[in-house]
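*Asks:*
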Amino acid sequence: MSRRFKPRLDATAPGVLSEREMQTIVAFTAVLVEGRELNTHEAGYVVEHVTDKAGKTPGYLSLYQKTAALLDRLAGAPFSSLSLEQRIGLMMRHRLTDSDVRIRECLRPWGRETLAVRALAVPDLIGGYYLSPAGWAAVGYEAFPSRCGDLTRYTSAEA
Amino acid sequence: MAAGDGVREAEVCIIGAGAAGAIMALELARRGIGVVVLESGPRHDLGRRGEYSRRFVKGENPWESPLKGIDRYTTGGSVGYRLEWNRARGVGGSTLHWEGTTLRLRADDFRMRTLHGVAEDWPISYEELEPYYGKAERALGVAGTPDDPWASPRSTAFPLPPFPLSFSDGFFARACRKLDIALHQVPQARNSLAYGGRSQCHACGTCHVCPTGAKASTDLTHIPQAVATGHADVVADATVLRLEVDGSSQVRSVVYAGGDRRERRLSARLFVVAAGGVETARLLLLSASPDFPRGLANRSGLVGRYFTSHPMIDVTGRVAERVYPYRIGFSTAMSGQFAMPRDRQRRGAFLLEFLNSAGPLPGEIAPVSGAWGTALGQRVKAEFGRTLGIRIYAEQLPIAANTVTLDAGITDYFGNPVPHITYGIGPYERAALKEAEEVAAKILATLGAEDIRASALGYAAHQLGTHRMGSDPAQSVVNAHLRAHDVPNLYLVGGGTFVTVSSSPPTLTIAALAIRTAEHIAEAYRGQGTTRRTHRSGVPAAGMAT
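Chains as they are written, first to last, in my numbering: chain Y, 18 to 176; chain X, -14 to 531.
#1: Buried or exposed for lysine 200 of chain X, going by 16 or more other Cβ atoms inside 10 Å?
#2: Do we get a CB-CB distance below 7 Å when we pair lysine 366 of chain X with the residues of chain Y?
#3: Would lysine 200 of chain X pass as an interface residue toward chain Y - the criterion being a Cβ-Cβ separation below 7 Å?
#4: Spatial neighbours of proline 116 of chain X within its chain, please: C-beta separation below 7 Å, excluding the five flanking residues on both sides.
#5: Evaluate alanine 441 of chain X with the Cβ neighbour count: other Cβ atoms within 10 Å of its Cβ, from every protein chain shown; 16 or more gives buried, anything less gives exposed.
#6: When the Cβ atoms of the stretch 130 to 139 of chain Y are set against those of the stretch 73 to 83 of chain Y, are three or more pairs found closer than 8 Å?
#7: In terms of residue numbering, what span does the alpha helix (DSSP H) encompassing histidine 66 of chain Y cover?
#8: So the candidates are X/Ile0, X/Gln460, X/Val21, X/Gly77; which of them puts its Cα closest to the Cα of arginine 28 of chain X?
#9: For glycine 261 of chain X, I'd like the list of residues in its chain whose CB is within less than 8 Å of its CB, leaving aside the five on either flank, ordered along the chain.
#10: Hey, valine 389 of chain X and isoleucine 410 of chain X: beta-carbon distance below 7 Å or not?
#11: Sort X/Asp204, X/Ala136, X/His187, X/Gly190 by Cα distance to valine 171 of chain X and report the nearest one.
#12: Answer yes or no: does any C-beta atom of chain Y fall closer than 7 Å to that of arginine 40 of chain X?
#13: Measure the Cβ-Cβ separation of leucine 88 of chain X and proline 412 of chain X and say whether it is below 7 Å.
#14: At least one CB of chain Y closer than 7 Å to the CB of phenylalanine 152 of chain X: is that the case?
#15: Looking at the structure shown, is leucine 34 of chain Y part of a helix, part of a strand, or coil, going by DSSP?
#16: Roughly how many angstroms lie between the CA atoms of glycine 286 of chain X and glutamine 460 of chain X, to the nearest whole one?
#17: Does any heavy atom of the ligand NAP sit closer than 6 Å to the C-beta of glycine 126 of chain X?
#18: For the stretch 265 to 348 of chain X, which segments carrying the beta strand (DSSP E) assignment without a break, of at least 3 residues, lie completely within its bounds, in sequence order?
#19: Here's the rule I'm using: 16 or more other beta-carbon atoms within 10 Å means buried, otherwise exposed. How should asparagine 56 of chain Y be labelled?
#20: In chain X, which residues lie less than 9 Å from serine 116 of chain Y when you measure between Cβ atoms?
#21: Does isoleucine 395 of chain X come out as helix, strand or coil in the three-state DSSP assignment?
#22: Please classify glutamine 381 of chain X: is it buried, with 16 or more other beta-carbons within 10 angstroms of its beta-carbon, or exposed?
#23: Could you check if isoleucine 120 of chain Y is buried or exposed, using at least 16 other CB atoms within 10 Å of its CB as the buried criterion?
#24: Taking C-beta pairs closer than 9 Å, name the residues in chain Y that cysteine 189 of chain X reaches, listed in chain order.
#25: Looking at the structure shown, is tyrosine 58 of chain X part of a helix, part of a strand, or coil, going by DSSP?
#26: Give the range of the beta strand (DSSP E) segment to which glutamate 229 of chain X is assigned.
#27: Let's test the definition: count the other Cβ atoms within 10 Å of the Cβ of lysine 163 of chain X and tell me whether it reaches 16, buried, or not, exposed.
#28: Determine whether the beta carbon atoms of proline 150 of chain Y and glycine 190 of chain X lie at a separation below 7 Å.
#29: Does isoleucine 120 of chain Y have its Cβ less than 7 Å from a Cβ in chain X?
#30: In three-state DSSP terms, what is tyrosine 66 of chain X?
#31: Under the assumption that proline 347 of chain X contacts valine 365 of chain X (Cβ atoms under 8 Å), give the Cβ distance between them as a whole number of angstroms.
#32: Which one of X/Ala334, X/Arg16, X/Gly362, X/Ala282 has the shortest CA to CA distance from tyrosine 158 of chain Y?
#33: Grouping DSSP H, G and I as helix and E and B as strand, with all else coil, what is proline 404 of chain X?
#34: With a cut-off of 7 Å, does the C-beta of phenylalanine 369 of chain X fall near any C-beta of chain Y?
#35: Could you have a look at threonine 390 of chain X and say whether DSSP puts it in helix, strand or coil?
#36: Which chain Y residues are close to cysteine 186 of chain X, counting only those with a beta carbon under 8 Å from its beta carbon?
If you want it as structure tokens, here you go:
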């Protein structure tokens, strides 16, 4: 029952986001993953993840586009033009930081776009960011799978 | 399929450039015997491995063939054995993606019928194979130390010092001491120091794709040397479609094709099929003829039968301390205590591998943490790195119902029927897994671990037993030198020759057997007075104009 009503990815073709859509997604992700503006490297990880997913996996281009459209609409302006505090406020007001979508929410006939963003886009963007070097940095790792380092490091605790 | 081209010639044609095929190529070529290796997959340049490594951590399989449908297969049986991620097509074969664990079998493993009354004995003994294990270890560059109290005697030292135990191994060592379980190093074909023109390991953490070449793979360790002799050609992107026999039950030629599907022929005096446990059996079945209506070299009916692997489970538990996982991509400690000194009549042997990487990644913790913003990083840091894991590899007995057959209903890129894999396990394996799970849980409990749980049943990337060796042509496909009983100029090498599989990973044994078989072939050539210096055969790459 719950599975039937929960938001799902559609099967639309992969493709490329516009620059404005990407800016919106990066601005949204910054709030989700750090609660601050991202530096260039960190923003690059988001762009890489989103570009990869949108370009290779059916349904994600559409999900990101709908996410960007919703955010811009709720903001009444390009979402990325809002200050950090304004973005946080808007996302909290619309519960866009909460990916835990309850069944009763799924049964309502309104707000389907918001639910899709919460249930699908939010965990994807958080997961993509934390799979990147930024995620390893969060746990104190400078070297990690795919970034080579000092062979002896694994023999002791991290400093 | 396009019309055929002219026939090319070689002295020995080897099908497959993986562990067995590449080793055979080098061993024959260095003795002046001309070989042509036909490899179905492409060359994977070392220079691209960095990119492969980054794709791998994103969940992509960089070894996947570019030819659509070439790896298609179907499954049956109680455990669906899947081939994705469990084999690699390309020069180097499955050594491109293997873990590099290089255990020898133990002397008892060759005598299961005599000692335990189950399965069959091998037609060769550990003692006969022992010198070849040493040669294989030197060729691959194995790092290790003889600290496994259950290992069989060895006549040579490991060529490289072992990798030190990891920080998390220290936890396991403490528990094992309390429980009187012997923990020892894992021998591995990975450079603890620079060796064989390859660099020391740089702890890149993605051993499925080694970006530095520190892990041995035969595209780096054997193929360049074979080609350098001037007696070996390697043709990549050349999939062999069938072998053809003449009126005297000898193989006359192979038919192969590349991405253009144009058929080409290569004739040779002698043929070696080294395409892995699934594809070797399939190729023989695809090569049925009036002389061999059930498949080439299959008068016994055993080609494709007794498909065997190693059933696996991971047992994990959460500890209070941080254990710092994911800093190297391989394991450094294991226990072979349950692999030999036990009654193996009713339950299999098993190995315990103490994992250096277990538990969720930061990218798996974060999206389900419920946190966001500044709290998210703190939550991930608090959760990460508190899981210890033990991997169990269990012995499997050969089961006649486990098979590789042809599925005529589905075809591959070349229009050939795909392999159908039927796989399951029985009470023997379940008993071993149950005991192993209890032992692993006890080790974790000794460390104060909570939330101890076992994963679902899995299986190793080992495809074994499908053209097994033996003395009796009615009960086996190849003899002790891996020559087909039914076809005098055909050798079948690789894991398919295994009579029983022990609980050890097979690659070092595959390598040792390949060296032994190459020596046998070279001696046979000398005996015929036909060893001669040959020049490059000039066989064209598939897909190139001829």
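Using N, Cα and C, we set each Cβ at its ideal position, and we do this for glycine too.
*Replies:* Result, derived from the coordinates:
#1: buried
#2: yes
#3: no
#4: Ser140
#5: exposed
#6: yes
#7: 57 to 73
#8: X/Gly77
#9: Gly1, Gly3, Arg72, Gly78, Ser79, Gln448, Gly479, Gly480, Gly481
#10: no
#11: X/Ala136
#12: no
#13: no
#14: yes
#15: coil
#16: 9 Å
#17: Annotation note on the ligand NAP: not contained in the displayed structure, which lists no ligands.
#18: 296 to 303, 318 to 320, 335 to 339
#19: exposed
#20: Pro352, Val353, Gly355, Trp357
#21: strand
#22: buried
#23: exposed
#24: Ala160, Pro162, Ser163, Arg164, Cys165, Gly166
#25: coil
#26: 224 to 230
#27: exposed
#28: no
#29: no
#30: coil
#31: 5 Å
#32: X/Gly362
#33: strand
#34: yes
#35: strand
#36: Leu168
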